[in-house]
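Chains as they are written, first to last, in my numbering: chain R, 3 to 97; chain X, 3 to 97; chain E, 3 to 97; chain H, 3 to 97; chain G, 3 to 97; chain V, 3 to 97; chain Y, 3 to 97.
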Amino acid sequence: MDSSRPLDALNNSRGKRVIVDLKNGWRFVGKLHAFDIHINTVLEEAEEYEPKNKTVITQVDEKTSEQVVLGDKELKRKLGTVFIRGDTITNISVQ
Amino acid sequence: MDSSRPLDALNNSRGKRVIVDLKNGWRFVGKLHAFDIHINTVLEEAEEYEPKNKTVITQVDEKTSEQVVLGDKELKRKLGTVFIRGDTITNISVQ
Amino acid sequence: MDSSRPLDALNNSRGKRVIVDLKNGWRFVGKLHAFDIHINTVLEEAEEYEPKNKTVITQVDEKTSEQVVLGDKELKRKLGTVFIRGDTITNISVQ
Amino acid sequence: MDSSRPLDALNNSRGKRVIVDLKNGWRFVGKLHAFDIHINTVLEEAEEYEPKNKTVITQVDEKTSEQVVLGDKELKRKLGTVFIRGDTITNISVQ
Amino acid sequence: MDSSRPLDALNNSRGKRVIVDLKNGWRFVGKLHAFDIHINTVLEEAEEYEPKNKTVITQVDEKTSEQVVLGDKELKRKLGTVFIRGDTITNISVQ
Amino acid sequence: MDSSRPLDALNNSRGKRVIVDLKNGWRFVGKLHAFDIHINTVLEEAEEYEPKNKTVITQVDEKTSEQVVLGDKELKRKLGTVFIRGDTITNISVQ
Amino acid sequence: MDSSRPLDALNNSRGKRVIVDLKNGWRFVGKLHAFDIHINTVLEEAEEYEPKNKTVITQVDEKTSEQVVLGDKELKRKLGTVFIRGDTITNISVQ
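Take a look at the structure:
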């Protein structure tokens, strides 16, 4: 990516495998086939990953404390081609 | 799908059975009949699937830990034709 | 519905009783009188249904597990004519 | 209401007492004085109703089950004239 | 307020003390100085009120039931002039 | 602030230290350097404050009642210049 | 940053390492390569930080009180170049 506009930079990732993170914590990984100005995005050979929340419980002195952490994402579905609506996307990076 | 714009790619799925995932976790499966630039979508012979959340409780050492996982989706209703408002859609993939 | 644009397809449901599901889980059922490009919708002889959440508690091995399920919707109000703002609508289907 | 566009239908309710339900569960009841294409709405002689959530606890076999239900709305404030921003509105019906 | 468009009606409240309720439950009270078509609003001699949630616990037969009620709002800050972004506003009424 | 349009009124605060409250409860305090019609805002010599929620537990008769209150905000970071996206802002007031 | 429009001010940070905070509490740190009027942003040599929530439990008299605090953010992933959709961004500051 070497251009000064965000969509030009995104265009340099066409044909590469990218990671698409969604607002709801889900993730798609696949080959970047197409996108438009709304960031509507089409991936090929896509995989869908599900977020896992974990509650870690620790104990300091005699007090119990809970800490919510986001665990690793788990492969949920293998999809062929997937159309992702742009307004659900948080960020896109090359894998 | 072989075109460089997302809606062209989506157009290649017309007449095929597609999976439409919504922001609230619900899912529609049906034959893709129509869509527009807002991704307003019409499915025929549609089925509606409800998300199920499960809380899995494990115990490590003497501490109890809860993990929220999204269970399988369950068939809720068989619909004929359904109009889905575009802004509720997360992603669309061929079944 | 036999046209290739979503609003044309929706237009074929005018005068029929339709189910309108909202983002907050509520549902309106009534005769489709009018809609516009924002999917602002007017139903006649409308009924309003309230969502019910239930928590089902099961026990596996000595562990208690909770599962939140969406129960059946319950008739809340009988309305004459209702105007529904389009951006609150998830999907519309013929009853 | 006898016209084919939603705002025309809404226009037929001018001067009548209407119920305006908001996305956050609150409700306004008053005489419909004015609205625009964003559904920004002005009511006169308005009353504001607050939603009440109740948790009903039942017991099946030896398991306790909680069910959240939306109780009746309660009159909170008597207002003269109120301006309601359109994007907070779910639906409007004649009282 | 005697005009048929919502913003004209709102204009009639200029210079009067108004109550501005926000989507997050907060409230501003002050003299209405200015607003625009987005309902961006400027109040003078403004006061900010914080919402208080209370959980009322009652007991019927031998079952405990919780009811969440919104308590009275409490004065949090006295501000001079405040600019409120229109899309955070639920409703505006004369005090 | 003495002009009849909200952005003119906001313009009168340029160069003064302002408090910018965000939808997520965070707060920025700094010198108002620039803003545009989307209320995208740039502050200089900015400080970031984190919201603190507290749960106050009281006991009436033999019933326990919880009340969630928003505690004082705490200084989290000292920033030089910060760009704040307009749609995250709730309100802006002179310090 | 010395210009009177927010995007000009942001432009002065091009090529510098910036902190980008998102609405969901996540944070990206990297070299500001590009942005547009929607604040779609491209960072190079980017790092992704995950928010950690902690529940601190204190005891006053014989009452237990919980306080939710946002702990330090933890490095989650090292990314090369990342495209961030503008509408997920809360604020951008120079590191």
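By construction, the Cβ of each residue, glycine as well, lies at the ideal position given by its N, Cα and C atoms.
Asked                                                                                                                                                      : Found
Endpoints, the alpha helix (DSSP H) within which asparagine 13 of chain V is located                                                                       : 8-13
Closest Cα partner of glycine 32 of chain E within the set E:Pro53, E:Arg19, E:Phe85 and E:Lys75                                                           : E:Arg19
Residues from the segment 71-97 of chain V in contact with chain G, defined by Cβ distance under 8 angstroms                                               : Val71, Leu72, Gly88, Asp89, Ile91, Thr92, Asn93, Ile94, Ser95 and Val96
Pairwise C-alpha distance: glutamate 50 of chain X and aspartate 23 of chain E                                                                             : 12 angstroms
C-beta neighbour in chain V for asparagine 13 of chain G, strict 7 angstroms                                                                               : no
Within-7 angstroms CB hit, aspartate 38 of chain V to chain Y                                                                                              : yes
C-beta neighbour in chain H for proline 8 of chain G, strict 7 angstroms                                                                                   : yes
Start-to-end residues for the beta strand (DSSP E) that takes in asparagine 93 of chain Y                                                                  : 91-96
Identified DSSP bridge partners for threonine 43 of chain H                                                                                                : H:Phe37 and H:Ile86
Straight-line Cα distance separating serine 6 of chain G from phenylalanine 37 of chain H                                                                  : 8 angstroms
Under 7 angstroms from the C-beta of leucine 24 of chain X: neighbouring residues of chain E                                                               : Thr92
Per-residue DSSP class, three states only, for lysine 25 of chain G                                                                                        : coil
Backbone secondary structure at lysine 75 of chain G - three-state DSSP                                                                                    : coil
Residues sharing a beta bridge with lysine 80 of chain Y, DSSP                                                                                             : Y:Glu49
Proximity winner among R:Leu9, R:Trp28 and R:His35, relative to glycine 17 of chain R (alpha-carbon distances)                                             : R:His35
Cβ pair arginine 79 of chain H, isoleucine 41 of chain G closer than 7 angstroms                                                                           : no
Rounded Cβ spacing between valine 96 of chain H and proline 8 of chain G (contact assumed at less than 8 angstroms)                                        : Not a contact, Cβ separation roughly 19 angstroms.
Glycine 82 of chain H versus asparagine 93 of chain G - alpha carbon distance                                                                              : 13 angstroms
Near-chain R residues of the segment 39-54 of chain Y - C-beta to any C-beta below 7 angstroms                                                             : Asn42, Thr43, Val44, Glu52 and Lys54
Closest by C-alpha distance to asparagine 14 of chain X, when choosing among R:Ile21, R:Phe85 and R:Ile91                                                  : R:Phe85
Proximity below 7 angstroms, CB of lysine 25 of chain H to CB of proline 53 of chain H                                                                     : no
Contacts around threonine 90 of chain X, its chain only, beta-carbon distance under 8 angstroms, and the 5 residues preceding and following it disregarded : Leu24, Lys25 and Asn26
Under 7 angstroms between C-beta atoms of phenylalanine 30 of chain V and alanine 11 of chain V                                                            : no
Isoleucine 21 of chain H versus tryptophan 28 of chain H - alpha carbon distance                                                                           : 11 angstroms
Isoleucine 39 of chain X to leucine 77 of chain G span [Cα, whole Å]                                                                                       : 47 angstroms
Which of helix, strand or coil DSSP assigns to glycine 32 of chain Y                                                                                       : strand
Own chain, CB closer than 8 angstroms to glutamate 46 of chain H, minus 5 neighbours either side, in chain order                                           : Gly32, Lys33, His35, Gly82 and Thr83
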